[in-house]
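> Can you read through this structure? Questions will come right after.
Residue numbers (the numbering used here), protein chains in the order written: chain A, 143 to 522; chain B, 23 to 394.
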């Protein structure tokens, strides 16, 4: 498949891997954090760690939008969906995120009407097709998905749709990265910057990481060669003693971001004073809510939202995993009490969650997997 | 007593990780327990939740030696003394939409049941057809469906010999649901089953995977993606007869429906307690299917087929099996995709096209309900 296969070329990967290995200083350990869950998914799906020397550890960061939703918000959403004549819509990943009384799937089995959509615009279509219902879109995601929510709100206003609203759970990436940098129990050498978020916010917002914290950042694409190349670029900065923001994903990410998208977000949403992140706690100015001028499409104003706070289950160590302090398998309940089919923590739900990625794709002893297939493979 | 951080750190990380892996494997081998209080859509996905439901509820209630292998068709020994048997299977069809490129619910209802018999090594002979119809369903649509069933039955060499009709109030069903059951004869000495897989065996697929699932997904029109792809629904009876007639070393056959090829591979690894290793770039997938799956973030390995089989064959006869499959139009793109290994037992691993290794697990949750 053109435009994809050239970014998954095994020969190029081998060549890059050799150059990465050559940059490792003997005896030094490197910890690089991929901030974005999409990167975590790519790393595991393609088995990218097979190419890295043992001295480089990839730490999976907080950039999985589903993983950072606290249980209380799931309960709030189910409460909203339980109101008369409500159809709630959300992305597929949300369907299995556990609240204190089950996930959306379980709520649907009890009678709510929560539908999976691929785009917020589909929610608008559903609203127009069901004028006697109230359609609430449970919006989640970083700056990556916020523009599509904003555009949908603008379109709903322009088209005079009155039965559509947004339960806004959009979060912003920079405060989360800052929380991790300020976390005392973590030592990181560099960051693989989130490519999708950066298509919207650009590369400038990361400059404080390079300047104030002296850590290199390379904004990376989502194909395995993109990530391998960004690791090479990070290692080269470390070798040369530089800490800069570099853009590996320049074919998509403009340095200054997408001003149209940022304008749409700014028009419809504003920063909340604080927001609770799963496992990370309350972080100030880290999330978005609907502006007063769009109150008629703000589910939190239209409905009575209980705003429940639910403490994370005691055994759950999602916070440590999200901060990269623990590897997924080091969590006490990993793989036994907490599995993708019965997740306790959110990291186990989304395919972008570090725990789910490790459980689904990486749960093996690499020494026991044969090096190659011995039977002659016949090409179709 | 908990192990302190200092104490834990004395054990090398690789060993600690292995301990965790062992603990997980033990947990996975425990009899599954159904935790939900109500049925959710995941229970119909063909993945982990479906397996749990079957083992915790149905197998628990009906447990007997004929059911226990949980193969596509039950094998009922005849009292003739020569080892011949009857194969019996049943399948219900609730696909939405009812009509889609390449077929309709009628084709599926016949081919699905015929294929469950064929991959058990049986010659499919007779089918039943039960219809649950919603009040208001157009008779013209029912006629189209039954004509497709007639043609599919003729193509597969089976007859529909008994049936049932129920009508429910408007809103209590979605147009038309069909159940079919089928019987066939299994010749003496024919004994296929995924539990027979052993290290050194080859794993084959009979053609490109994922066509049906992607077709249905696009046919729903919710995604604004168009692609030139149609369902692969077809009877595998002839293809299987050709394969079994020429290759004695066939150990197991499965048709890769719900849950796709990945689910079959996991069933092999679990039933035979072996490892299964496949190569991503050996697995045939049409470019349109790969493209659509890529856009939707799903893996073609989990996407349903309705006319493709997975075969486990003695490694020494793999090329013969490929030749036998390719001799039939439905098997023209048959390919060896991997092999059975001793280690890591119970796991399916894949060499990615990128050159890395990862696990292929059973699917959790459901990317697409009601595909068949």
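All residues carry an ideal CB built from backbone N, CA and C; glycine is no exception.
As the structure is a prediction and not an experimental result, all values here were calculated from the model.
1) When you check each C-beta in the segment 288-306 of chain B against every C-beta of chain A, which residues fall closer than 7 angstroms?
2) Taking buried to mean at least 16 other C-beta atoms within 10 Å of its own C-beta, is residue 390 of chain A buried or exposed?
3) From the beta carbon of residue 506 of chain A, is the nearest beta carbon of chain B less than 7 angstroms away?
4) Would residue 226 of chain B and residue 288 of chain B be called neighbours here (beta carbons separated by less than 7 angstroms)?
5) What residues of chain B sit near residue 484 of chain A, judged by a beta carbon separation below 7 angstroms?
6) Would residue 251 of chain A count as contacting chain B if we go by Cβ distances under 7 angstroms?
7) If you measure from the beta carbon of residue 141 of chain B to each beta carbon in chain A, is any gap under 7 angstroms?
8) Counting pairs of beta carbons, one from the segment 442-459 of chain A and one from the segment 358-377 of chain B, are three or more of them closer than 8 angstroms?
9) Could you run through the segment 337-363 of chain B and flag, in chain order, every residue whose CB is less than 8 angstroms away from some CB of chain A?
10) Decide if residue 183 of chain A is buried, meaning its Cβ has at least 16 other Cβ atoms within 10 Å, or exposed.
11) Between which two residues does the beta strand (DSSP E) carrying residue 207 of chain A extend?
12) How many whole angstroms separate the CB atoms of residue 200 of chain B and residue 153 of chain B, which I take to be in contact at a CB cut-off of 8 angstroms?
13) Here's the rule: buried if 16 or more other CB atoms are within 10 angstroms of the residue's CB, otherwise exposed. What is residue 169 of chain B?
14) Count the other CB atoms, across all protein chains shown, that sit within 10 Å of the CB of residue 183 of chain B; report buried if there are 16 or more and exposed otherwise.
15) Should residue 23 of chain B be flagged as near chain A, meaning a C-beta pair shorter than 7 angstroms?
16) By the three-class DSSP mapping on this structure, what secondary structure does residue 23 of chain B have?
17) Please list the partners that residue 492 of chain A has in chain B, where partner means a Cβ-to-Cβ separation under 9 angstroms.
18) Along the chain, which unbroken stretches of the alpha helix (DSSP H) at least 4 residues long are found entirely within the segment 277-343 of chain A?
19) Using a Cβ-Cβ cut-off of 7 angstroms, state whether residue 189 of chain A counts as contacting chain B.
20) Drop a sphere of 10 angstroms on the beta-carbon of residue 392 of chain A, count the other beta-carbons inside from all chains shown, and report buried for 16 or more, exposed for fewer.
21) Can you find a C-beta in chain A that's less than 7 angstroms from the C-beta of residue 432 of chain B?
22) Which class does residue 165 of chain B belong to by DSSP, given the choice of helix, strand or coil?
23) Cutting at 6 angstroms between CB atoms, please list the residues of its own chain near residue 286 of chain A, excluding the five before and the five after it.
24) List the whole-angstrom C-beta distance separating residue 192 of chain A from residue 378 of chain B, where the pair is believed to meet the contact cut-off of C-beta under 8 angstroms.
25) Work out the CA separation of residue 200 of chain A and residue 470 of chain A for me, nearest whole Å.
26) Against chain B, does residue 368 of chain A count as a neighbour if the rule is that its beta carbon must be under 7 angstroms from one of theirs?
27) Tell me, which residues are paired with residue 313 of chain B by DSSP?
28) Whole angstroms is fine: what's the gap from residue 162 of chain A's alpha carbon to residue 386 of chain A's?
29) With a CB to CB cut of under 8 angstroms and the five nearest residues on each side skipped, what residues in its chain are close to residue 90 of chain B?
30) My understanding is that residue 136 of chain B touches residue 180 of chain B, with C-beta atoms under 8 angstroms, so please give their C-beta distance in whole angstroms.
31) Can you name the residues of chain A whose CB is closer than 9 angstroms to the CB of residue 43 of chain B?
32) Check each candidate in A:312, A:352 and A:198 and name the one with the smallest Cα separation from residue 323 of chain A.
33) With distances taken Cα to Cα, identify the nearest neighbour of residue 69 of chain B among B:373, B:312, B:284 and B:343.
34) In its own chain, which residues sit with a C-beta less than 6 angstroms from the C-beta of residue 112 of chain B, not counting the 5 before and 5 after it?
35) For residue 419 of chain A, count neighbouring C-beta atoms within 10 Å of its own C-beta (all shown protein chains included) and say buried if the count is 16 or more, exposed if not.
36) Taking the alpha-carbon of residue 250 of chain B as reference, which of B:366, B:350, B:122 and B:50 has the nearest alpha-carbon?
Looking at the coordinates:
1) 299, 301, 304 and 306
2) buried
3) yes
4) no
5) 57
6) yes
7) no
8) no
9) 337, 340, 341, 344, 355, 356, 357, 358, 359, 360, 361 and 363
10) Buried is the call here.
11) First-last for residue 207 of chain A: undefined, no H or E at that position.
12) That pair is a contact at about 6 angstroms.
13) That one is exposed.
14) exposed
15) Legend: pLDDT at residue 23 of chain B = 41, less than 50; position of this residue unreliable, no value from coordinates given.
16) Confidence is the limiting factor: at residue 23 of chain B the pLDDT is only 41, short of 50, which leaves the residue's position unreliable and the question unanswerable from this model.
17) What residue 492 of chain A touches in chain B: nothing, since even the nearest Cβ is about 10 angstroms away.
18) Counting whole runs of 4 or more residues, the segment 277-343 of chain A contains the alpha helix (DSSP H) stretches 288-300, 315-323 and 337-343.
19) yes
20) exposed
21) Outside the displayed span of chain B (23 to 394) sits residue 432 of chain B, for which this structure offers no information.
22) Three-state DSSP puts residue 165 of chain B in a helix.
23) 338 and 339
24) 4 angstroms
25) 12 angstroms
26) no
27) Per DSSP, none; premise fails for residue 313 of chain B.
28) 18 angstroms
29) 81
30) 6 angstroms
31) 471, 477, 505, 506 and 507
32) A:352
33) B:284
34) The answer, listed in chain order, is 203.
35) That one is buried.
36) B:122
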